[in-house]
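Read through the structure below, which is laid out as structure tokens, and then see the notes.
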Amino acid sequence: MQAVINETPLPIDLYRYVDVSGRTEQFGKFSVINYDLNQVITTTVMKHTKIFSANGQVIEVQYEILKAIAYWMTIQYDNMGRMVICDIRVGVDANITRYFYEYDADGQLQTVSVNDKTQWRYSYDLNGNINLLSHGNSARLTPLRYDLRDRITRLGEIQYKMDEDGFLRQRGNDIFEYNSNGLLQKAYNKASGWTVQYYYDGLGRRVASKSSLGQHLQFFYADLANPIRVTHLYNHTSSEITSLYYDLQGHLIAMELSSGEEYYVACDNTGTPLAVFSSRGQVIKEILYTPYGDIYHDTYPDFQVIIGFHGGLYDFLTKLVHLGQRDYDVVAGRWTTPNHHIWKQLNLLPKPFNLYSFENNYPVGKIQDVAKYTTGI
């Protein structure tokens, strides 16, 4: 595959597959080795190792750059397949941070502890809406309010307004507008003085965003096997082209700029980028998120990574993550538009549902469908 963007030809990426199984053996400069339950992606500079459990869940990730382990993550699950302990180390000489997760009887995330200190608490109403949350060590609880249709009306001091179709129209001073397909078209805040415009192709994929602050980004989708995956980013403001490379689970592992610079990206088990490393293995940027995806610590905000929570397109102005054809509000931990695709699922499998809740309030992972991990075919 070769991309030519703004008359700039990018290096040719070759794809090679195993004859018998059809598995990917090479993509671009990355070679893939599969053995037992291990998956290794490697170049002359880096080695990215993923170890899976027998039922297909990631239990360990190692990112080696120039023979030093720059990133390391291990995960332990309970017998329901939910993550209960996650140990992460970012940087060669850094300490390990331990995250401990607890759930209520419905499998909804209740508390998250960091190094044995409770950091986040959540409680839910009977419809699966977050009705109380507390962040950090403060005993202060933030209440959330909803109408009879589970549409959010208030989060602490922030007022929310939804339209008749259940689409988010206002969050505090932020105003949102949608096109006739229900896709977010414009967001603006008159008090802060910014506006963002979004553009889509015929398949409903976001192809560009343009802000009044001078940032104009264009997104390209060149992976035929994954037509909704962003493979290239063209920044019209700086004329910089960024090529994005993903592992076999669709998690970002590397970025290459048209200027020749290379960066390696470490993600968690959901595809959320946690750290960016230089080609020499130095930590360029580290990002910390709340369990529902709000960034609360960023060591280098000016170095922007467009891939955000759960691998979606993150916009730092709106604090929305574009996943598929909907937008997710990291502030409230909810979708901004109702999930109408759920009706088809409910016809086949009746179950409790909420049109706005994110991953059934299990934001730190995805409950695996064990049937998808039949091995030895």
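The sequence shown begins at 1 in full-length UniProt numbering and counts up by one. For every residue, glycine included, the Cβ atom is placed at its ideal position computed from N, Cα and C.
Here's the rule I'm using: 16 or more other beta-carbon atoms within 10 Å means buried, otherwise exposed. How should residue i be labelled?
i: Met-162; result: buried
i: Thr-153; result: exposed
i: Gly-376; result: Bear in mind that the predicted position of Gly-376 carries a pLDDT of just 46, short of 50, making it unreliable; the figure below should be weighed with that in mind. Per the 10 Å Cβ criterion, exposed.
i: residue 381; result: Given that the chain is displayed from residue 1 to residue 377, the structure contains no residue 381 and the question cannot be resolved.
i: Val-331; result: buried
i: Asp-165; result: exposed
i: Pro-350; result: exposed
i: Tyr-101; result: buried
i: residue 381; result: Nothing about residue 381 can be reported from this structure: the residues present for the chain run from 1 to 377 only.
i: His-310; result: buried
i: Gly-281; result: buried
i: residue 385; result: No answer is possible for residue 385: the residues shown for the chain start at 1 and end at 377.
DSSP three-state call for residue i: helix, strand or coil?
i: Ile-96; result: coil
i: Gln-108; result: coil
i: Glu-177; result: strand
i: Asn-131; result: strand
i: residue 388; result: This structure does not reach residue 388, given that the chain is present from 1 up to 377, and the question cannot be answered.
i: Glu-359; result: helix
i: His-297; result: strand
i: Phe-309; result: helix
i: His-232; result: strand
i: Leu-66; result: coil
i: Ile-377; result: Bear in mind that a pLDDT of 42 at Ile-377, under 50, signals an unreliable position, so the model cannot answer this.
i: Phe-167; result: coil
i: Phe-353; result: coil
i: Thr-237; result: coil
i: Ser-209; result: strand
Provide the residue span of the beta strand (DSSP E) that contains residue i, from first to last.
i: Gln-39; result: 38 to 42
i: residue 421; result: Because residue 421 is not part of the residues shown, which for the chain are 1 to 377, the question remains open.
i: Ala-332; result: Ala-332 -> no beta strand (DSSP E), and no H or E assigned at all.
i: Arg-205; result: That residue, Arg-205, is in no beta strand (DSSP E); it is neither H nor E in DSSP.
i: Glu-261; result: Per DSSP, Glu-261 belongs to no beta strand (DSSP E) and is neither H nor E.
i: Gln-26; result: 24 to 27
i: Phe-30; result: 30 to 35
i: Val-122; result: Note on residue identity: the sequence assigns Tyr, not Val, to residue 122. Tyr-122 -> beta strand (DSSP E) spans 117 to 124.
i: Ser-243; result: 240 to 246
i: Ala-254; result: 252 to 257
i: residue 444; result: For residue 444 there is no data in the structure shown, the boundaries of the chain being 1 and 377.
i: Ala-275; result: 273 to 278
i: Gln-159; result: 158 to 162
Does the Cβ-Cβ distance between residue i and residue j come in under 8 angstroms?
i: Phe-220; j: Thr-231; result: yes
i: Asn-129; j: Asn-354; result: yes
i: Pro-363; j: Tyr-292; result: yes
i: Tyr-245; j: Gly-28; result: yes
i: Gln-26; j: Val-32; result: yes
i: Asp-93; j: Thr-74; result: no
i: Glu-64; j: Met-80; result: no
i: Asp-150; j: Tyr-356; result: yes
Any C-beta of chain C sitting closer than 8 angstroms to the C-beta of residue i?
i: Gln-325; result: Within the model displayed, chain C is absent; a lone protein chain is all it includes.
Cβ of residue i within 7 angstroms of any heavy atom in the ligand GTP?
i: Thr-242; result: Here there are no bound small molecules, and the ligand GTP is not part of this structure.
Roughly how far, in whole angstroms, is the beta-carbon of residue i from the beta-carbon of residue j, given that I think they are within contact range, below 8 angstroms?
i: Phe-167; j: Tyr-160; result: In fact, because the Cβ distance is near 11 angstroms, the residues do not count as touching under 8 angstroms.
i: Gln-197; j: Lys-186; result: 5 angstroms
i: Ala-105; j: Gly-91; result: With a Cβ gap of about 38 angstroms, Ala-105 and Gly-91 do not count as contacting.
i: Asn-34; j: Arg-23; result: 6 angstroms
i: Asp-298; j: Ile-287; result: 5 angstroms
i: Thr-336; j: Leu-320; result: 7 angstroms
i: Ile-241; j: Tyr-234; result: 5 angstroms
Considering residue i, what are the terminal residues of the alpha helix (DSSP H) in which it resides?
i: Asn-347; result: 342 to 348
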